[in-house]
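Sequential numbering of the sequence shown, starting at 51, is according to my numbering.
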Amino acid sequence: MFDWKIIVTVIILLGIIAFFISTQTSVQEFFKFVKENVYSFFGEVVEERNISFSLVAEYDNISFKDDVNITIHPIIFSANIRDMNIETSDTVNMDFSGSGKISGRALSLDGTTNKVEIANSSMTFRKASMKSESTFTKLIIDNLELKELKLRNGSLFIKGTETKFSGQIEIYDIKGRFEFSYEEGVDVGYKLEIEGLASRISIPEADILID
Numbered sequence: 051m052f053d054w055k056i057i058v059t060v061i062i063l064l065g066i067i068a069f070f071i072s073t074q075t076s077v078q079e080f081f082k083f084v085k086e087n088v089y090s091f092f093g094e095v096v097e098e099r100n101i102s103f104s105l106v107a108e109y110d111n112i113s114f115k116d117d118v119n120i121t122i123h124p125i126i127f128s129a130n131i132r133d134m135n136i137e138t139s140d141t142v143n144m145d146f147s148g149s150g151k152i153s154g155r156a157l158s159l160d161g162t163t164n165k166v167e168i169a170n171s172s173m174t175f176r177k178a179s180m181k182s183e184s185t186f187t188k189l190i191i192d193n194l195e196l197k198e199l200k201l202r203n204g205s206l207f208i209k210g211t212e213t214k215f216s217g218q219i220e221i222y223d224i225k226g227r228f229e230f231s232y233e234e235g236v237d238v239g240y241k242l243e244i245e246g247l248a249s250r251i252s253i254p255e256a257d258i259l260i261d
């Protein structure tokens, strides 16, 4: 049996095509209309990530909800995983699904995990519930997706060209590797390095828009 959404969408598309042919609308306007109206029938539209970039900047608070791989170099890592309490200062690697918040050098997690590695030991679960509070010197999150991110004061690298910026940078539809670090006694205490893809990057104070 055909999915009813597919049938309805085909009917809508045929009607739209007939309408745009009769009005002699341009191809570019046609596809813009489809993206903004028909795709939304299936849920949130994610813009095409066609900008490959890397970046170093300062950050404040970042929240996310995603399926990611996390490596923590903790000052202290405290977690409750399926009613088992864990506390360590050794490096922690895990897969994680759920909500997270990074505030300075503090990380809060609330979700599930299938595997946690601490030093030379490994624990395997099946969607074990977990909550954790950590402070870190370095935090790496792989495959993190964010709809929008605002950072400040740093350098943007695209195709080998560096653009230094002070003030705010805005990045949209990001997916990539995020490395957070904290160093005492330096100008940029809370530093974020990103390697990934985005649909649009804006530096408002310099009137720069990349899309």
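All residues carry an ideal CB built from backbone N, CA and C; glycine is no exception.
Which of helix, strand or coil DSSP assigns to residue i
{"i": "E255", "result": "helix"}
{"i": "G210", "result": "coil"}
{"i": "S249", "result": "coil"}
{"i": "A156", "result": "strand"}
{"i": "T141", "result": "coil"}
{"i": "Y109", "result": "coil"}
{"i": "R227", "result": "strand"}
{"i": "R268", "result": "A query on residue 268 cannot be resolved here, the shown segment of the chain reaching from 51 to 261 and no further."}
{"i": "D116", "result": "strand"}
{"i": "R243", "result": "A small correction: the amino acid at residue 243 is Glu; Arg does not occupy that position in the sequence shown. Three-state DSSP puts E243 in a strand."}
{"i": "E98", "result": "coil"}
Distance, residue j Cα to residue i Cα
{"i": "L189", "j": "K177", "result": "22 Å"}
{"i": "D145", "j": "N119", "result": "4 Å"}
{"i": "F92", "j": "K181", "result": "For F92, the pLDDT reaches just 48, beneath the cut-off of 50, and the residue's location in the model is therefore unreliable, although a value from the coordinates is still provided. So the two alpha carbons sit approximately 32 Å from each other."}
{"i": "I191", "j": "P254", "result": "27 Å"}
{"i": "V166", "j": "I136", "result": "11 Å"}
{"i": "E183", "j": "F127", "result": "6 Å"}
{"i": "A107", "j": "E243", "result": "7 Å"}
{"i": "I219", "j": "S231", "result": "19 Å"}
{"i": "S252", "j": "M134", "result": "44 Å"}
{"i": "S113", "j": "E98", "result": "22 Å"}
{"i": "F207", "j": "D117", "result": "26 Å"}
{"i": "T187", "j": "G154", "result": "10 Å"}
{"i": "R227", "j": "F175", "result": "25 Å"}
{"i": "N203", "j": "L105", "result": "10 Å"}
Exposed unless 16 or more other CB atoms sit within 10 angstroms - verdict on residue i
{"i": "T211", "result": "exposed"}
{"i": "R152", "result": "Note that residue 152 is Ile in the sequence shown, not Arg. With 16 or more other Cβ atoms within 10 Å, it is buried."}
{"i": "D223", "result": "buried"}
{"i": "A256", "result": "exposed"}
{"i": "R132", "result": "exposed"}
{"i": "L259", "result": "exposed"}
{"i": "G246", "result": "buried"}
{"i": "I221", "result": "buried"}
{"i": "G217", "result": "exposed"}
{"i": "I101", "result": "buried"}
Cβ of residue i within 9 Å of any chain C Cβ
{"i": "I190", "result": "Protein chain content of the structure displayed is limited to a single chain, and chain C is not contained in it."}
(request) Give a yes or no on contact between the segment 168 to 176 and the segment 185 to 196, applying the rule of three or more CB pairs nearer than 8 Å. (result) The answer is no - the segment 185 to 196 does not touch the segment 168 to 176, with fewer than three Cβ pairs under 8 Å.
(request) Report yes or no: do three or more beta-carbon pairs, one from the segment 158 to 169 and one from the segment 130 to 146, lie closer than 8 Å? (result) Between the segment 158 to 169 and the segment 130 to 146, the count of C-beta pairs closer than 8 Å reaches three or more; the two stretches touch.
(message) Report the start-end ranges of each beta strand (DSSP E) in the segment 147 to 204 that is 3 residues or longer and not cut off at the edges.
(response) For the segment 147 to 204, whole beta strand (DSSP E) runs of length 3 or above, ordered along the chain, are 156 to 168.
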